[in-house]
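In my numbering, the protein residues as written are 5 to 354.
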């Protein structure tokens, strides 16, 4: 009987120890620092963007047909096994060209596309590759999606424009305090109908249509005030991208511009509070060319003199354009707002 009791007690101790060990392990996992990498892959005058969010992967657009081998090789170098989301902003060949090969080579979760299609072999190859894997591309009508620790939502999903570029999906991706806006090839007409107050200020803008003069209007850039602007374009391309007028507008509003024709591949790393930017002038994605040559940290530049907005009865102070801010907003400063006992809005994080 005594031996049985000892065995029983030892079993309890082992079980309790296992539970404590599991709890400790769980705590260690939960305390791991969360980070996101966004890769603007250098593929010439085309778009291919990889988002790595804490074990979850998304590819936004898939470059040109002749980028197939390089793009697949690059994704493999980044240890991509599964793409949880593949997003095709619109059916132009410089956005969907290599997607058929990507779909064939990786496990794919969900494929999201802009409204409309194209009667081209390139687009049909993409659709057939998806169908052959029992994947049905769909237009993202849901308000919000999640990727790892981040969230993303789409605009311009229902566009009926005759201009295929203006049917581009526009995607807002948010991680922590940082916001990234991806404009596909959307032009000025799309910018006019975007809910700019809802979008608010963004940290990074993927400039629409490779920096052409058809996008990035003064009104749009003034409204979203990107700290960083990324332009995906090919060196000495025949289209003259990016356009000088676009560059002048970005400069006017003090956006730091990075271009794949000059900087090569561009990788943004963020912990949700600050952004580090790594670039390389090497463009051969098939030879692990993404080597860090420059690191730039974008710090939160809010100071006590920064402009914020308050209301007569509210207990928070806000950024301009915050959806929680009423129309009877009052201009103030961070210093004055804090002196009144107000705290920053949890939604817009001024």
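Note that the Cβ used here is the ideal one computed from N, Cα and C, for glycine as well.
According to DSSP, residues forming a beta bridge with residue i
i	result
residue 157	176
residue 52	For residue 52, which the question treats as bridged, DSSP gives no partner whatsoever.
residue 57	40, 60
residue 233	209, 261
residue 90	63, 115
Sequence-distant residues of its chain with Cβ nearer than 6 Å to residue i (five each side left out)
i	result
residue 219	191, 212, 213
residue 63	54, 87, 90
residue 325	201, 204
residue 275	39
residue 106	66
Alpha carbon of residue i to alpha carbon of residue j, nearest angstrom
i	j	result
residue 3	residue 254	Because the chain in this structure spans residues 5 to 354, residue 3 falls outside the shown range and cannot be described.
residue 158	residue 261	24 Å
residue 182	residue 153	12 Å
residue 335	residue 132	54 Å
residue 140	residue 315	47 Å
residue 114	residue 346	43 Å
residue 216	residue 116	25 Å
residue 273	residue 121	33 Å
residue 111	residue 51	21 Å
residue 109	residue 47	18 Å
residue 57	residue 41	7 Å
residue 77	residue 231	31 Å
residue 71	residue 321	48 Å
residue 283	residue 134	32 Å
residue 258	residue 323	18 Å
residue 129	residue 256	42 Å
residue 291	residue 250	Note on residue 291: pLDDT 35, under 50, position unreliable in the model; no value is reported.
residue 252	residue 138	46 Å
residue 155	residue 164	26 Å
Nearest candidate by alpha-carbon position, reference residue i, set the options
i	options	result
residue 340	311, 185, 328	311
residue 342	228, 223, 319	319
residue 265	279, 280, 244	244
residue 194	102, 171, 186, 142	171
residue 69	96, 164, 269, 81	96
residue 269	238, 348, 252	238
residue 123	173, 168, 164	168
residue 81	242, 100, 45	45
residue 101	119, 83, 125	125
residue 66	85, 104, 278, 38	104
residue 233	333, 196, 267	267
Simplified DSSP state of residue i, which is helix, strand or coil
i	result
residue 111	strand
residue 336	strand
residue 225	helix
residue 257	coil
residue 311	strand
residue 135	helix
residue 203	helix
residue 347	strand
Beta carbon proximity, residue i to chain C, threshold 8 Å
i	result
residue 228	Looking at the structure shown, chain C is missing, and only one protein chain is on hand.
Cβ shell of residue i (< 8 Å), same chain only, five flanking positions each side left out
i	result
residue 161	118, 119, 143, 144, 145, 173
residue 328	320, 322, 349, 351, 352
Residues of its chain near residue i, where Cβ-Cβ distance is below 7 Å and the 5 sequence neighbours each way are ignored
i	result
residue 227	200
residue 127	95, 100, 121
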